[in-house]
Each structure stands twice: as structure tokens, then as C-alpha cells.
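In what follows, a single structure is set out as C-alpha cells and then discussed.
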Amino acid sequence: MNIAIIGLGEVGRCYAAPLHAAGHTLLLCEARVSEAARKLAESAHLAIQEKVGDWLSSADLVLSCVTGTTSLPVLQQVLPYLKKGATLADLTTASPAVKREGGALVEAVGALYADTAIMGAISLNLARTPLLVSGSGAGSLKSVLDGAGGKVQVIANGKPGDAMSLKILRSVFTKGMEALCVELLMSAEKQGVRDKLYEQLSDIDNTPLRAFIDMLVRTHVIHAKRRAHEVHDAQGELIAQRLPSVVLPGVSQRFLNTAAALDRKPLPSDDPSVEQALDWLLTAEQPS
Numbered sequence: 041m042n043i044a045i046i047g048l049g050e051v052g053r054c055y056a057a058p059l060h061a062a063g064h065t066l067l068l069c070e071a072r073v074s075e076a077a078r079k080l081a082e083s084a085h086l087a088i089q090e091k092v093g094d095w096l097s098s099a100d101l102v103l104s105c106v107t108g109t110t111s112l113p114v115l116q117q118v119l120p121y122l123k124k125g126a127t128l129a130d131l132t133t134a135s136p137a138v139k140r141e142g143g144a145l146v147e148a149v150g151a152l153y154a155d156t157a158i159m160g161a162i163s164l165n166l167a168r169t170p171l172l173v174s175g176s177g178a179g180s181l182k183s184v185l186d187g188a189g190g191k192v193q194v195i196a197n198g199k200p201g202d203a204m205s206l207k208i209l210r211s212v213f214t215k216g217m218e219a220l221c222v223e224l225l226m227s228a229e230k231q232g233v234r235d236k237l238y239e240q241l242s243d244i245d246n247t248p249l250r251a252f253i254d255m256l257v258r259t260h261v262i263h264a265k266r267r268a269h270e271v272h273d274a275q276g277e278l279i280a281q282r283l284p285s286v287v288l289p290g291v292s293q294r295f296l297n298t299a300a301a302l303d304r305k306p307l308p309s310d311d312p313s314v315e316q317a318l319d320w321l322l323t324a325e326q327p328s
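Sequential numbering of the sequence shown, starting at 41, is according to my numbering.
Now the structure itself:
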């Protein structure tokens with residue numbers, strides 16, 4: 041298979057070597073060739089093109105490994121040379137909206153598009169770094185990269201933008217939890233109760249994650265007013281320990297927003313499902 045790699049930074053170089061070793065013909069492109077990219081090309085006896093051109097028309101798969109800000113401009117340069125049935129995989133950090141736009145442009149010329157989100161540190165795991173992929177070209181990308189030692193998860197029936205959306209949402213969860221846990225364990229350690237805290241959290245540890253977060257959302261819309269007071273008290277306690285929270289002020293505002301919305305619009309049920317709770321949150325807090 042003819043595979044073009046546009047952008048020979050860390051990501052592009054990471055996939056070039058295993059794809060070449062797997063027997064694919066590589067077409068490399070980089071506007072500003074680094075020493076690392078030059079050495080890679082020399083070791084594989086490959087030339088590096090400085091810009092997109094007719095040479096790209098033979099590519100069955102194009103990996104766009106440029107920066108997120110140049111994702112769409114580079115894609116637009118590629119389009120005139122992209123043959124029908126080829127797959128363009130966007131491995132950039134472009135936003136979900138940009139990837140949706142890119143997917144529409146690629147599919148309009150009869151090619152396939154793979155929104156590809158890198159879900160780990162390339163520098164640590166190289167080609168084994170997990171990739172989350174959506175779009176019409178997801179299956180073909182998985183077949184090629186898995187055959188070169190990659191690790192690709194395809195989102196069933198996923199559309200362009202879905203992979204990047206899920207990566208960002210995962211970051212919202214993990215980075216928010218990280219910040220909260222830093223403050224939580226600092227306070228517990230200072231009070232000498234960290235080991236006992238783990239014991240008190242064991243019921244959460246034994247609950248499936250989906251059930252736990254759905255429960256939080258369902259009960260949030262019911263108890264937001266009372267819990268807002270609890271958050272206020274918790275902030276006061278951390279201040280007393282000389283560990284003022286930077287996380288809880290935002291948490292407090294979240295509860296206050298929901299409490300204010302409850303005054304404007306009642307819940308559809310005394311015991312809403314997670315779907316009802318989310319629908320209420322998305323409508324009740326919209327500005328009139």
C-alpha cells in the first residue's frame with residue numbers, strides 16, 4: 041500500500057518506521073525538515089517532499105500529522121490530489137468542529153475520513169499508543185496500523201469529530217478528578233486521616249463507574265440547594281486548615297447555578313432518570 045505521511049514531527053516519525061517495516065511504500069512530506077526526520081528518511085532510503093503535489097495522487101492512505109491549527113489548511117491542499125476511495129486520517133489535535141468540517145470535505149471528493157485521537161503519550165508508547173478513531177475511514181486505518189503493531193479502537197458508527205470529542209471529555213473527567221484528588225489528599229494527609237479516607241471511599245470503589253456518575257447527575261438536580269451549603273462548609277474547613285481550595289469555588293458555582301434553575305423551572309419528576317436530568321439541565325440553564 042502507498043501511504044503518505046504529511047508532517048514528520050514526533051507523531052509522523054513514530055508511524056513511519058513500523059509502516060515501512062511492514063512493507064508499505066511511504067511518501068513523506070515535511071515543509072521544514074528536522075535532523076530527526078532527515079535521518080529517518082535516509083535510513084529508509086526515502087525522499088522527503090517539501091509540499092503537497094501530484095506525488096500524493098498515488099497514496100491509498102494519507103496520515104495528516106501536522107499541528108491542530110494547520111489541520112484544515114493542509115487538508116484543503118491535499119484534496120485536489122486525493123484519489124477516490126483513499127483514506128485520509130487526521131491525527132492532529134484539531135477541535136471536533138474542525139474535524140467534522142474536514143470529514144465533510146474529504147467525503148465530498150469520494151474519499152474516506154478517519155478522525156483519529158491520540159489517547160496517550162507517543163513519546164512513551166510509540167506506535168503502541170492507543171488511538172481512538174471515528175468516521176468512514178476508521179476501519180481501513182485500523183487494518184493498516186494494527187498490521188504495523190498499532191493499537192486502534194474504532195468507535196462503532198462514529199462520525200468525524202466523535203473521537204476528538206471523546207478525548208476532550210475524558211480529559212474533562214480525568215483532569216478534574218486529578219485536581220480534586222490533589223486537594224482531597226493534601227487535606228487528609230495534613231489531618232492524619234488519609235488511610236481512613238480510603239476506607240470511607242470504598243463504597244464508591246465498589247460501584248461501576250457508569251452507575252456512579254449517572255447517580256451523581258440524577259441526584260444533583262434534586263439536592264443541589266442542600267449540597268451547595270455542604271460545599272460552602274467544606275470550603276470553610278479547608279480554609280481553616282490553610283489549604284484554601286481552588287477547585288471548590290467552581291463546584292460551588294455549579295450547585296448554585298442548578299439551584300437557581302430549580303427556582304425557574306421545576307423538575308419533570310421527583311426521581312428523574314439520568315436522561316431526564318440531563319435534558320432538564322440543558323434546557324433550564326439556557327438563557328431566555
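Ideal Cβ placement from N, Cα and C applies to all residues, glycine included.
Residue from the options with nearest C-alpha to residue i
i: methionine 159; options: Thr133, Ser183, Val146; result: Thr133
i: cysteine 111; options: Leu128, Pro289, Lys207, Ser97; result: In the sequence on display, residue 111 carries serine and not cysteine. Residue Leu128 is the option with its Cα nearest to serine 111.
i: valine 92; options: Leu119, Leu237, Gly108; result: Leu119
i: glycine 198; options: His85, Leu172, Lys123; result: Leu172
i: alanine 301; options: Ser183, Leu321, Ser74, Glu315; result: Leu321
i: leucine 101; options: Gly47, Glu90, Ser180; result: Ser180
i: leucine 152; options: Ala99, Gly190, Lys191, Thr169; result: Ala99
i: glutamate 70; options: His85, His64, Ile46; result: Ile46
i: serine 227; options: Asp319, Ser183, Leu278, Pro113; result: Leu278
i: arginine 304; options: Val286, Leu288, Thr323, Asp310; result: Thr323
i: glutamate 223; options: Val286, Glu147, Met41; result: Val286
i: valine 106; options: Leu48, Lys123, Lys230; result: Leu48
i: lysine 123; options: Arg266, Glu147, Thr109, Gly108; result: Glu147
Nearest-angstrom beta carbon gap, residue j and residue i [assumed within contact, 8 Å]
i: leucine 80; j: isoleucine 43; result: Going by Cβ atoms, the distance from leucine 80 to isoleucine 43 rounds to 14 Å, so no, they are not a contact pair.
i: alanine 167; j: tyrosine 55; result: 6 Å
i: glycine 175; j: proline 200; result: 4 Å
i: phenylalanine 97; j: tyrosine 121; result: It should be noted that the sequence gives serine, not phenylalanine, for residue 97. At roughly 5 Å, the Cβ-Cβ gap stays under 8 Å, so serine 97 and tyrosine 121 are in contact.
i: alanine 62; j: glycine 187; result: 6 Å
i: glycine 125; j: glycine 150; result: 7 Å
i: isoleucine 208; j: aspartate 202; result: Actually they are not in contact, since the Cβ atoms of isoleucine 208 and aspartate 202 sit about 11 Å apart, beyond 8 Å.
i: leucine 145; j: leucine 164; result: The pair is not a contact, with the Cβ atoms about 33 Å apart (cut-off 8 Å).
i: proline 170; j: lysine 139; result: Contact doesn't hold; Cβ gap of about 18 Å is too wide.
i: isoleucine 244; j: phenylalanine 252; result: 6 Å
i: proline 58; j: glycine 143; result: That pair is no contact at about 26 Å.
Helix, strand or coil at residue i according to DSSP, with G and I counted as helix
i: alanine 130; result: A small fix is needed here, since residue 130 is aspartate in this sequence, not alanine. Here aspartate 130 sits in strand by DSSP.
i: leucine 185; result: helix
i: aspartate 155; result: strand
i: threonine 65; result: strand
i: alanine 87; result: coil
i: glutamine 275; result: helix
i: lysine 305; result: coil
i: lysine 123; result: coil
i: proline 58; result: helix
i: isoleucine 195; result: coil
i: serine 176; result: coil
i: valine 102; result: strand
i: leucine 220; result: helix
i: leucine 288; result: helix
i: asparagine 42; result: strand
Straight-line Cα distance separating residue j from residue i
i: lysine 215; j: isoleucine 162; result: 19 Å
i: leucine 307; j: methionine 217; result: 28 Å
i: proline 312; j: arginine 258; result: 6 Å
i: alanine 157; j: alanine 280; result: 43 Å
i: arginine 282; j: histidine 269; result: 20 Å
i: histidine 272; j: serine 292; result: 7 Å
i: glycine 290; j: leucine 225; result: 19 Å
i: alanine 76; j: glutamine 117; result: 25 Å
i: glutamate 141; j: serine 205; result: 14 Å
i: serine 242; j: aspartate 235; result: 11 Å
i: glutamate 315; j: glutamate 325; result: 16 Å
i: glutamate 50; j: alanine 274; result: 44 Å
i: alanine 87; j: arginine 210; result: 39 Å
i: alanine 219; j: valine 73; result: 39 Å
i: histidine 64; j: tryptophan 95; result: 16 Å
i: serine 183; j: glutamine 89; result: 26 Å
i: arginine 78; j: histidine 85; result: 10 Å
i: arginine 266; j: glycine 108; result: 43 Å
i: methionine 41; j: glutamine 193; result: 21 Å
i: leucine 237; j: valine 212; result: 24 Å
i: glutamate 239; j: leucine 288; result: 23 Å
Residue i burial status per 10 Å Cβ neighbour count (16 or more: buried)
i: threonine 298; result: buried
i: cysteine 221; result: exposed
i: phenylalanine 295; result: buried
i: leucine 249; result: exposed
i: methionine 255; result: exposed
i: aspartate 130; result: buried
i: arginine 53; result: buried
i: glycine 276; result: exposed
i: serine 83; result: exposed
i: histidine 60; result: buried
i: alanine 317; result: buried
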